[in-house]
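In case it helps, numbering that gives the first Met the number 0 puts the sequence shown at residues 0 to 165.
We treat Cβ as the ideally placed atom computed from N, Cα and C, and that holds for glycine.
In this text the structure is predicted, and so the values were computed from the model without any measurement.
Written out below as structure tokens is the structure these notes cover.
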Amino acid sequence: MPGRKRCRCVGFQPHFLYFEPRKGDAMSRTDVWESILKVEELESIRLKDYLRLSQEEAAERMGVSQPTFHRILSEARRKIAEAFIEGKAIRVEGGDYVVMRAKDEAPEVPPRVPPGWMRGRNRGGRGLGPGGECRCPQCGYTTPHQAGVPCYQQTCPKCGSTMVRP
């Protein structure tokens, strides 16, 4: 039986929470599929690939074991590769994390907290994400987003396509 899942330690809050593919000079598309990257997955990429820490050092900073860090990093890389290959947008949100900084690190972000931030478990929210709407990429039908139900799990009542989050 697996042990209790612990919060991961994250050393920064990203400024950019959404990345969208573009084809040539085209403007942003509204029919793009999304890949959700958890905050702790982004942190694993930051520590290992951006700061070039060893896997042991990065795992220690996040407060997880080395095998757990490897699983988080592998999943993050898989999601990013999938988004690049399939032309999906990347949305950074959710996860089980707590924001902490090393004593010798300068703050990397302003103290402002973006809307909808820290909605993961134990952060005051219920991990249900921000409000908004779900939209059909085929026919354009929109419906209010239901808390706790991802848009991709809903089908369009008009054409039967899978709904997406704009």
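Check, Outcome
"If you reduce the DSSP assignment to three classes, tell me which class Tyr-49 lands in.", "helix"
"What's the C-alpha gap between Lys-87 and Val-63?", "29 Å"
"In three-state DSSP terms, what is Leu-36?", "strand"
"Out of curiosity, what's the CA-to-CA distance linking Glu-81 and Pro-66?", "22 Å"
"If you scan the segment 55 to 95 from start to end, which runs of the alpha helix (DSSP H) of 4 or more residues do you find wholly inside it?", "65 to 85"
"For Glu-19, which three-state DSSP category applies?", "coil"
"Which class does Gly-158 belong to by DSSP, given the choice of helix, strand or coil?", "According to the sequence shown, residue 158 is Cys rather than Gly. Looking at Cys-158 - three-state DSSP - the assignment turns out to be coil, as it is neither helix nor strand."
"Using three-state DSSP, classify Arg-6 as helix, strand or coil.", "A small fix is needed here, since residue 6 is Cys in this sequence, not Arg. In this structure, Cys-6 counts as coil in the three-state DSSP scheme."
"Could you tell me if Glu-42 is buried or exposed, where buried requires 16 or more neighbouring beta carbons within 10 angstroms of its beta carbon?", "buried"
"With a CB to CB cut of under 6 Å and the five nearest residues on each side skipped, what residues in its chain are close to Gly-94?", "Lys-37, Val-38, Glu-39, Gly-119"
"Under 7 Å Cβ to Cβ from Phe-68, same chain only, skipping five residues before and after it: list those, please.", "Ser-43, Gln-54, Ala-57, Ala-58, Met-61"
"Quick one: measure Cβ to Cβ for Val-97 and Val-9, integer angstroms, because I've assumed they're closer than 8 Å.", "7 Å"
"Rounded to whole angstroms, what's the CA-CA distance from Lys-157 to Asp-48? Just pull it up for me.", "44 Å"
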